[in-house]
Structure formats: structure tokens, C-alpha cells
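Those letters in the sequence shown? Residues 163 to 414, by the numbering used here.
One structure below.
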Amino acid sequence: MDRFRRLDLSRFRQDRGFWLFVLAVLVGFALLYTWSAVRTLFTLVALVISITVHECMHAWTADRLGDDTARRLGRVTLNPITHLDPLGSLMMLVTTVTGVGIGWGKPVPVATHRLRFGAHMGHGLVSLAGPGANLALALLVAGIWRLSVVFVTWPTIAEQFVLQLILVSLVIAFFNLMPIPPLDGFAVLLAAVSSIGQVWSRRLLIWMEGLYRYGWMILFGIVLLSQLASLPLIQWLIGRPAWVLYALLTGQ
Numbered sequence: 163m164d165r166f167r168r169l170d171l172s173r174f175r176q177d178r179g180f181w182l183f184v185l186a187v188l189v190g191f192a193l194l195y196t197w198s199a200v201r202t203l204f205t206l207v208a209l210v211i212s213i214t215v216h217e218c219m220h221a222w223t224a225d226r227l228g229d230d231t232a233r234r235l236g237r238v239t240l241n242p243i244t245h246l247d248p249l250g251s252l253m254m255l256v257t258t259v260t261g262v263g264i265g266w267g268k269p270v271p272v273a274t275h276r277l278r279f280g281a282h283m284g285h286g287l288v289s290l291a292g293p294g295a296n297l298a299l300a301l302l303v304a305g306i307w308r309l310s311v312v313f314v315t316w317p318t319i320a321e322q323f324v325l326q327l328i329l330v331s332l333v334i335a336f337f338n339l340m341p342i343p344p345l346d347g348f349a350v351l352l353a354a355v356s357s358i359g360q361v362w363s364r365r366l367l368i369w370m371e372g373l374y375r376y377g378w379m380i381l382f383g384i385v386l387l388s389q390l391a392s393l394p395l396i397q398w399l400i401g402r403p404a405w406v407l408y409a410l411l412t413g414q
């Protein structure tokens with residue numbers, strides 16, 4: 163028992179080799195336990211790319227707005243290992259195998275009091291940058307793909323990966339834009355409320371900030387309600403807008 167108490171798990175979070183191993187395990191399990199191995203692999207890779215771009219843009223925007231905390235911690239990078247989160251990586255595996263494909267990266271540390279435009283507005287801009295980067299990634303990849311198919315014929319497997327990357331980027335964007343703590347959309351909503359500057363809005367802001375402690379319970383409750391009450395809330399908030407924009411971007 164003492165041996166387990168003395169075990170320092172923090173070293174695993176800093177070990178890049180460990181994260182490469184984790185990623186390999188995720189891919190291995192996905193290939194073993196799903197009938198569509200290639201599609202699952204594409205989804206996992208697309209998730210890693212989308213989340214890396216998402217978290218990197220959070221860090222870059224915070225740095226540009228005056229807080230260099232993330233930059234000093236090496237988070238302004240497109241190295242995916244730097245941005246992987248243990249629970250988020252596990253969620254990638256579980257949701258990909260079940261056919262959804264949701265995950266998240268390690269939260270970017272932000273000292274909101276150092277941001278330009280004030281703590282709430284600055285944090286709102288930093289939060290908006292993540293989903294914005296995912297939407298921009300989907301738009302860029304779709305634009306390159308649609309222009310290129312006029313002149314060349316893509317191999318089927320490459321085309322499928324590109325389309326999956328576009329869809330996953332859109333799903334990650336809309337997932338994070340939900341106005342639920344601790345997702346990015348909630349910080350954007352706080353910024354909007356703080357900009358009103360009225361007495362009632364300041365009181366509302368204090369109450370809303372208190373919801374952060376219940377954030378994951380609220381999110382879990384929404385998911386549970388969607389399943390048990392047959393209310394497709396997640397489909398309305400994420401799936402439908404993602405598929406509509408996907409169809410517009412790809413023509414499919």
C-alpha cells in the first residue's frame with residue numbers, strides 16, 4: 163500500500179513517450195472493437211488534429227491579448243502531445259467506438275486579470291478563438307478539397323479522411339460553443355452579459371459564475387436527459403448544425 167502512496171503520477175503527464183503509448187492504445191482498442199476500423203482510425207486522428215488546433219488557438223489568443231502563461235508553459239504549439247488530456251483522450255476512444263466522436267484537450271491556463279479588454283471580455287475572446295479555429299479549419303480543408311477535385315481525382319481513402327476531418331472539426335466547434343460551463347460557449351455568454359453594464363446584469367454575472375462548480379454535472383445531466391427522455395438535445399445543439407454546415411461546405 164505504501165508503494166502506491168509513494169507513486170508519483172505527475173511524471174506521466176510530462177512524459178511524451180507515455181502519451182505516444184496512450185495514443186497507440188486508443189488506436190489499438192478502436193481497431194479491435196469496431197467493425198469500421200478505418201473510419202474509426204480516421205475519426206481518432208481527426209479528433210487529435212481538431213483538438214490540437216483548438217487548444218493551440220486558445221493559447222495563442224491569450225498570448226496576443228497580454229497573458230503569456232500558456233506560452234511559457236509551451237502550449238502555443240501544434241504538437242498534439244502537449245494538448246492531450248487523460249479523460250478527454252479516454253472520451254475520444256469511448257465515443258468514437260460508439261459512433262459519436264467527442265473529446266477534449268488539456269485546458270489552457272489563462273490569467274484572466276492580465277488580458278486586455280477586461281477579465282470577462284478577454285476570456286470570452288480567448289474562449290471564442292478555439293471553436294473559431296475549428297470552423298476555420300473545416301472551411302480551409304473543405305475549400306482546398308472542393309477546388310482540387312476539379313483538377314484531380316482523390317484516392318477514396320484520402321477523400322474519406324478529409325471529409326471526416328471536416329465533420330469532426332465542426333462537431334468539436336459546436337460542442338464547445340454550447341453555453342454550458344465549463345465549455346467555451348459559457349465564457350462567451352459571460353462576456354456578453356458583462357458588456358451590458360447594468361446592476362441586474364452584474365448580479366446575473368455573479369450567479370452565472372457560480373455555475374462553474376456544477377458544470378460537468380449540468381453537461382452530464384443534459385446528455386442523460388437526452389437519452390432517458392428521448393429529447394435529442396445534443397442532436398439539436400451539435401449534430402444538426404454540424405451536419406447542415408458540413409453539407410454546405412462539402413456539397414454532400
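Glycine included, C-beta positions come from ideal geometry on N, C-alpha and C.
From a predicted model like this one, the values you see are computed outputs, not experimental measurements.
The alpha-carbon separation between residue 222 and residue 216 amounts to approximately 10 Å. Just so you know, the alpha carbons of residue 295 and residue 360 end up roughly 32 Å apart. Fewer than three pairs of CB atoms, one per stretch, sit closer than 8 Å, so the segment 361-376 makes no contact with the segment 287-305. Residue 239 and residue 229 have their alpha carbons spaced roughly 16 Å apart. In the structure shown, residue 246 falls within a strand segment according to DSSP collapsed to helix, strand and coil. In this structure, the alpha-carbon of residue 298 lies about 32 Å from that of residue 372.
Contact between residue 268 and residue 245 holds: CB atoms are separated by about 6 Å, below the 8 Å threshold.
For residue 304, same chain residues with a beta-carbon under 7 Å away, outside a window of 5 residues either side, are 328, 411, 412 in chain order. Taking all protein chains shown into account, residue 340 has 16 or more neighbouring C-beta atoms within 10 Å of its C-beta and is therefore buried. Straight through space, the alpha carbons of residue 206 and residue 248 are spaced by roughly 14 Å. Judged by DSSP in its simplified three-state form, residue 236 adopts coil rather than helix or strand. Here DSSP, grouped into helix, strand and coil, assigns residue 267 to strand. Spanning the alpha carbons of residue 277 and residue 313 requires a straight line of approximately 46 Å. Relative to the Cα of residue 219, the nearest Cα in the group 403, 370, 385, 346 belongs to 346. Under the 10 Å beta carbon count, residue 214 is surrounded by 16 or more other beta carbons and is classified as buried. For the segment 298-347, the full-length alpha helix (DSSP H) segments reaching 4 residues or more read 318-338 along the chain.
Using a Cβ distance threshold of 7 Å, residue 307 and residue 324 count as a contacting pair. In this structure, 280 is the residue among 320, 243, 280, 318 with its C-alpha nearest to the C-alpha of residue 353. Exposure of residue 310 is indicated by the presence of fewer than 16 other C-beta atoms within 10 angstroms of its C-beta.
The three-state secondary structure of residue 273, taken from DSSP, is coil.
By the 16-neighbour rule on beta-carbons within 10 angstroms, residue 317 is exposed. With fewer than 16 other CB atoms across the displayed protein chains lying within 10 angstroms of its CB, residue 319 is exposed. The alpha-carbon separation between residue 386 and residue 343 amounts to approximately 16 Å.
Per DSSP, residue 278 lies in no alpha helix (DSSP H) and is assigned neither H nor E.
Note on residue 272: 16 or more other CB atoms within 10 angstroms of its CB, so buried under the neighbour-count rule.
The Cβ atoms of residue 302 and residue 404 lie no closer than 7 Å to each other.
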